[in-house]
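Read through the structure below, which is laid out as structure tokens, and then see the notes.
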Amino acid sequence: MMRMKNSSRVAGVAVIVSKTGLADNFSPHTTCPNQNTGVYSENYGPDLANCNVTVWNPFGNGLSYEDFAFPVFALKDENQTQVIRKCYEDHNQRVNGSAPKYPLCAMQLFSHMHAVTDTVTCMRRTDLQNRFSINPEVLCDPLSDFNVWTSTRPLNNSAKGHAADESVVIAATRLDGRSFFWEQAPAAEGTVSGIVTLLAAIQALYPVTQEAPPTRNIFFSFFQGEAFDYIGSSKMVYDMKRNDFVIDLDNVHSMLEIGQVGLHSGRSLWMHSDPISRQNKSVDTEVLEMMDRMRSAAAGLKLTVDHPSVSQPLPPSSFQRFLRERQIPGLVLTDHNTSFINRYYESMYDDAENLNVTYPPGLTPDEQLVYETDAAKSLAEVATLVARSLYVQAGGNESNLNNITADPKTVAQLLYGFVIQKNNSWFRSLLPPEVTKKGVNSILSSGPPQFYIGLGPRVHGPAHSVTRFVQYILANLTGSVTNLTESQCQNPSELSTENKDLFSYFWVSGPASVNSTSEPFCVRASVRLSKAVSPAFELLEYGSRNYSTWTESRWKSIRARIFLVASRELEMLTLGVGVAVLLLSLLVTYFISSKAELLFSSARETPTTTY
Amino acid sequence: MTVAVFFGCAFIAFGPAFSLFVFTIARDPLRVIILIAGAFFWLLSLLLSSLVWFISIKASNSQDLRLQRDLLIFGVFFSVLLQEVFRFAYYRLLRKATEGLAAISDEDTSAISVRQMAYVAGLGFGIMSGAFSMINVLSDSLGPGTVGIFGDSQYYFITAALMTLALTLLHTFWGVLFFEGCEKSRWWVIAAVVSLHLLVAGLVSFTWTHTFTVHIHYFTSTSSQLRFR
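Chains P and U, in that order, are what the protein sequence lines are. Counting in UniProt numbering, the first sequence runs from 1 upward without gaps. Counting in UniProt numbering, the second sequence runs from 1 upward without gaps.
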């Protein structure tokens, strides 16, 4: 691709995406992801910054961050690829070593982008349009969506700022991924492993935290937009700092983040910590205690956890954004010690196969949904470890630990839904009835979900699918069924028994059986969404170095067409012949009409004379 | 196939008609009126024949491909016959008009002879027929591609333009022959014109190759020789 970028003869690239002949590794991300917006900089651990100590993504070639002056299309449809191949073979192939003859097969790629240069330029132009134009034309939109959060003890959503008497342990993971192509991001090992682990851990923890609540509250958060310089986590930290969130940084006791945990398979898991903040004695003590708790929790399972060398920095994680504001004790749990084990980090090849999620042949989709693969079992163990560690970290009683076990069946269903097929019976039962209806914009189209953050419901159609899935799955796993009607579910504040500040109310489809349709019902859960848009756009600092400034350009139509082109000689010949015919006919007609009397004298009617 | 081909084909198809118009018709307003009216009559005939074809299509089974093809053949022949009917109708109209023209002119006879009216009417028919057969092709030729991805010849645009040129001239000559035949009551001339028109329409619609373009031009020259009889 770099050769084509530098060549002046390339007008566009169409990539045929196929599964055969896959390279051993391919990561279009940079070798040091999010190096400018993490915690390590000149002021904080300068010798750890810019991956001086550990290169996290050694296979990264930075392709996603190159500026290509021509369109690059990905062709996944076999039929379309077949048509293009046939056109090439019929017309463009060399015959016996000589160049192919006209007419030649050509392809035209349309993907006109309205934004140019960089975010600062296009946001400035958009602002000018909005201010001075009658019909403002927006050129680009900031990447935005929602974070999903929940907690074991419900938090009052209308009370912003410091929450009194709340000490919170944050358990976090990321919700998004990306690849070189737009909206293609299967992100299996990079993102799904973390999501599935945390969801299963929440499911394992919830009943125990209701019966024997631990001292501290546990706050679960799924951050959106982490691939693009930590959009979601920077927004949450920014809100916490300005007292615009249900808790603030004083409430946070410690943090556990789940990174990429899908490929540990028999090896140990690793707990990363930040060496700079551990120079503070109290932070160091707490971190060591966290690691001990995790080790003892792992001892009961078939897992081993270890910590890498003390001088190694944190891998790219949302925890780094929290550290930028406050030195909080925390750990990041991953399956890699130094560099990523994931050879296809943030690429379109990071799919089910990369995560070793394979099913034996001959199963129906419903059977595949509940089949417990090895990947599911191993992730279930990690989830159990996370849940138990969190319970003890939050001050729970260790005698209850044996009751906390992640359910492999739930993990299998989650894995199936997130990496194989999102339109399955379980997801359909969790989502509201209007979503499960088939439609072009339905979020339940066929295939696995794509984890690209997108532009939010303001610009595109329905809300981002993954955010919705996680929200409704959490409602299903942690919520309680109520017998409210649909209208009561939409407006629960009218009822005295329901509290809109502490809970959200969801109207869901319910399970559908073979002979009957589903009966919708209302679920009450303390699951909330919080806006995930970079603070740079609220502060109007479009060139900010502290916050993410990613935007996506607007476009009108993206399509391609193939046709034959004729040679230049033939075109000029046609024009020449046309001009010649025109001139010749003008000459002949002029000549004949001026000599008409001479030529057509016999044709003139003589008036009849009568004698 | 780009602007060069657009202009080239436009000049080929409409060059002679344009030059005939500029040098023989434009100066005389009466001829211009007869030209436009002739074009309009051809348009009417096309409208009616396409209406008939459309109704027959809608009334028939759209899945039966053979029936659709047969209906198309029927449509073409019906259209040719209707064009000739309208040519005859135009002839009757112009005959009636000559008396009125003679009344309002300075001399005793009308300012325009039947032969001239025949030529102008034929040219009107030809220009309109050419426009209808060529305009869509011309607008498609503006794009970057050319014909051929489904296996057809890449010389389609040139061939279509030459076809239109021949058809325009043929209509002109047929107009003269037809009116001559009607004047002198030589019915075999009218029959010859109609059958030639049917033949050309059949050839054009169902056997589209270069060689037949040559044949069409042969007909053109034959018709022009007929005219001098």
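The beta-carbon is built from N, C-alpha and C at its ideal position, and this holds for glycine as well.
Nearest by alpha-carbon distance to residue i: which of the options is it?
i, options, result
"P:Ile276", "P:Leu323, P:Asp24, P:Ser594", "P:Leu323"
"U:Leu150", "P:Ser339, P:Pro136, P:His114, P:Cys105", "At residue 150 of chain U the sequence reads Phe, which differs from the Leu that was named. Of the candidates P:Ser339, P:Pro136, P:His114, P:Cys105, the one whose C-alpha sits nearest the C-alpha of U:Phe150 is P:Cys105."
"P:Leu390", "P:Asn92, P:Ile258, P:Ser493, P:Thr467", "P:Ile258"
"U:Ala160", "U:Cys182, U:Met134, U:Phe178", "U:Met134"
"P:Val527", "P:Phe506, P:Thr517, P:Ala536, P:Thr126", "P:Phe506"
"P:Tyr345", "P:Ser7, P:Tyr44, P:Trp56", "P:Trp56"
"P:Ser504", "P:Ser518, P:Ala475, P:Thr485, P:Glu519", "P:Ala475"
"U:Phe86", "U:Gln68, U:Trp42, U:Pro144", "U:Trp42"
"P:Phe180", "P:Leu143, P:Ala74, P:Thr215", "P:Ala74"
"P:Leu155", "P:Lys500, P:Lys422, P:Arg554", "P:Lys500"
"U:His197", "U:Asp28, U:Asp140, U:Glu180, U:Val80", "U:Val80"
"P:Pro186", "P:Gly97, P:Thr20, P:Tyr349", "P:Tyr349"
"P:Lys5", "P:Val72, P:Gly396, P:Gly447", "P:Val72"
"residue 238 of chain U", "U:Met163, U:Cys182, U:Phe40", "Because chain U here runs from 1 to 229, residue 238 of chain U falls outside it and cannot be looked at."
"U:Val22", "P:Pro142, P:Pro28, P:Phe591", "P:Phe591"
"P:Asn34", "P:Lys281, P:Ser133, P:Ala49, P:Ser18", "P:Ala49"
"P:Thr37", "P:Asn337, P:Phe146, P:Gly225, P:Met113", "P:Gly225"
"P:Leu263", "P:Phe469, P:Asn280, P:Asn92, P:Thr334", "P:Thr334"
"P:Ala58", "P:Ser339, P:Asn423, P:Ser144", "The question names Ala, but residue 58 of chain P in the sequence shown is Pro. Cα-wise, what sits closest to P:Pro58 is P:Ser339."
"P:Ile562", "P:Arg9, P:Gln82, P:Gly21", "P:Gln82"
"P:Phe319", "P:Ile247, P:Asn337, P:Asn280, P:Gly232", "P:Gly232"
"P:Gly161", "P:Asp244, P:Pro433, P:His464, P:Phe146", "P:Asp244"
"P:Leu314", "P:Ser273, P:Asp374, P:Gly62, P:Ser347", "P:Ser273"
"P:Gly266", "P:Ser378, P:Asp165, P:Glu211, P:Lys281", "P:Ser378"
"P:Pro46", "P:Ser311, P:Asn342, P:Gln108", "P:Ser311"
"P:Gly369", "P:Ile328, P:Gln327, P:Tyr416", "For the sequence presented, residue 369 of chain P should be read as Leu rather than Gly. Checking every option, the nearest Cα to that of P:Leu369 belongs to P:Tyr416."
"residue 613 of chain P", "P:Thr285, P:Pro329, P:Tyr40, P:Lys281", "For chain P, the structure presents residues 1 to 611; residue 613 of chain P sits outside this window and is missing."
"P:Arg326", "P:Ser347, P:Met255, P:Tyr359, P:Gly97", "P:Met255"
"P:Asp351", "P:Ser193, P:Cys522, P:Thr574, P:Ser585", "P:Ser193"
"P:Leu355", "P:Gly362, P:Pro520, P:Ala376", "P:Ala376"
Measure how close the beta-carbons of residue i and residue j come, nearest whole angstrom, since I'm counting them as under 8 Å.
i, j, result
"residue 617 of chain P", "P:Phe223", "Any answer about residue 617 of chain P is impossible in this case: the structure gives chain P only from 1 up to 611."
"residue 238 of chain U", "U:Ala17", "No statement about residue 238 of chain U is possible, as the shown extent of chain U runs from 1 to 229 and does not include it."
"P:Thr549", "P:Gly543", "7 Å"
"P:Val53", "P:Ala200", "Not quite, the Cβ-Cβ distance comes to about 33 Å (not below 8 Å), so this is no contact."
"P:Ser534", "P:Lys241", "About 15 Å; that fails the 8 Å criterion."
"P:Leu303", "P:Leu249", "About 31 Å separates the two Cβ atoms, so there is no contact after all."
"U:Ala121", "U:Gly38", "4 Å"
"P:Pro28", "P:Ser64", "4 Å"
"P:Arg295", "P:Val305", "6 Å"
"P:Phe70", "P:Val13", "7 Å"
"P:Asn147", "P:Ser530", "5 Å"
For residue i, write down the residues that DSSP places opposite it in a beta bridge.
i, result
"P:Thr173", "P:Phe222"
"P:Ile562", "P:Met107"
"P:Asn147", "P:Ser530"
"P:Phe217", "Note that residue 217 of chain P is Asn in the sequence shown, not Phe. Per DSSP, P:Val168."
"P:Ser480", "P:Arg524"
"P:Arg141", "The question names Arg, yet the displayed sequence has Asp at residue 141 of chain P. According to DSSP, P:Asp141 bridges with P:Glu552."
"P:Asp306", "P:Trp270"
"P:Val252", "P:Val168"
Is it the case that the CB of residue i approaches a heavy atom of the ligand FMN more closely than 6 Å?
i, result
"P:Arg293", "This structure lacks the ligand FMN, and indeed carries no ligand of any kind."
Give the interface partners of residue i over in chain C, defined as CB-CB distance under 8 Å, in chain order.
i, result
"U:Ile158", "Here the protein chains are P and U, and chain C is not one of them."
Quiz item: What are the start and end residues of each continuous beta strand (DSSP E) run of 3 or more residues lying completely inside the stretch 328-393 of chain P, in chain order?
Solution: 330-334
- Curious, which full-length alpha helix (DSSP H) runs of at least 4 residues does the stretch 254-302 of chain P contain? 281-299
- prompt: What residues from the UniProt domain "Nicastrin small lobe" (1-115) of chain P come within 9 Å of chain U, judged by C-beta to C-beta, listed N to C?
  reply: Listed in sequence order: Cys87, Asp90, His91, Tyr102, Pro103, Cys105, Ala106, Gln108.
Open item on the list: Going residue by residue through the UniProt domain "Nicastrin small lobe" (1-115) of chain P, where are the continuous alpha helix (DSSP H) segments of at least 4 residues, counting only ones entirely within it?
Closed with: 2-6, 78-87
| request: Could you run through the stretch 537-562 of chain P and flag, in chain order, every residue whose CB is less than 9 Å away from some CB of chain U? | output: Arg561, Ile562
Item checked: Sequence ranges, alpha helix (DSSP H) only - wholly within the stretch 94-149 of chain U, length at least 4 -> 114-141
Minimum length 4: unbroken alpha helix (DSSP H) runs contained in the stretch 483-559 of chain P:
486-490, 535-538
To be precise: take each residue of the stretch 42-74 of chain U, compare its Cβ to all Cβ atoms of chain P, and keep it if any distance is under 8 Å. Which residues remain? Residues: none.
Can you pull out the residues from the stretch 12-24 of chain U whose beta carbon lies closer than 8 Å to at least one beta carbon of chain P? Ile12, Gly15, Pro16, Phe18, Ser19, Leu20, Val22, Phe23, Thr24
**Q.** Any alpha helix (DSSP H) of 4 or more consecutive residues that is wholly inside the stretch 25-51 of chain U
**A.** none
### Query
Using Cβ-Cβ distances below 7 Å, what residues of the stretch 135-154 of chain U are close to chain P?
Pro144, Gly145, Thr146, Gly148, Ile149, Gln154
### Task
For the stretch 205-222 of chain P, enumerate the residues whose C-beta is nearer than 8 Å to any C-beta of chain U, in chain order.
Those would be none; no residue qualifies.
- Task: With 9 Å as the C-beta to C-beta threshold (strictly closer), list the residues of the stretch 568-591 of chain P near chain U in chain order.
- Result: Within the stretch 568-591 of chain P, the residues whose Cβ lies closer than 9 Å to some Cβ of chain U are Arg568, Leu570, Glu571, Met572, Leu573, Thr574, Leu575, Gly576, Val577, Gly578, Val579, Ala580, Val581, Leu582, Leu583, Leu584, Ser585, Leu586, Leu587, Val588, Thr589, Tyr590, listed in chain order.
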